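Enquirer: Numbering (this note's numbering) for the sequence shown: 1178 to 1217. Positions of the beta carbon are idealized from the N, C-alpha and C atoms, including for glycine. Source: prediction; values computed, not measured. Let me begin by handing over the structure; questions about it come next.
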Amino acid sequence: MYNIYVIEQLTKMKVEERITEVQHRYKEEKSKNTKNRRKE
């Protein structure tokens, strides 16, 4: 059985990965939106 501390660390890492992923997507979406607005 895993040490609880290890599990917490792993979960934390996963969560942080997820957060950065979401932030990247958000930035990409924003830049797409601004590009589209400029075209109009």
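When the Cα atoms are used, what is the spatial distance from Y1203 to K1189?
Expert: Answer to the nearest angstrom: the Cα atoms are 21 Å apart.
Enquirer: For R1195 and Y1179, I'd like the C-alpha separation in whole angstroms.
Expert: Roughly 22 Å between the two C-alpha positions.
Enquirer: Give every residue of the same chain whose Cβ lies closer than 6 Å to the Cβ of R1214, excluding the five residues on either side of it in the sequence, and list them in chain order.
Expert: Nothing listed; no residue qualifies.
Enquirer: Would you identify the three-state DSSP class for N1213, choosing helix, strand or coil?
Expert: Looking at N1213 - three-state DSSP - the assignment turns out to be helix.
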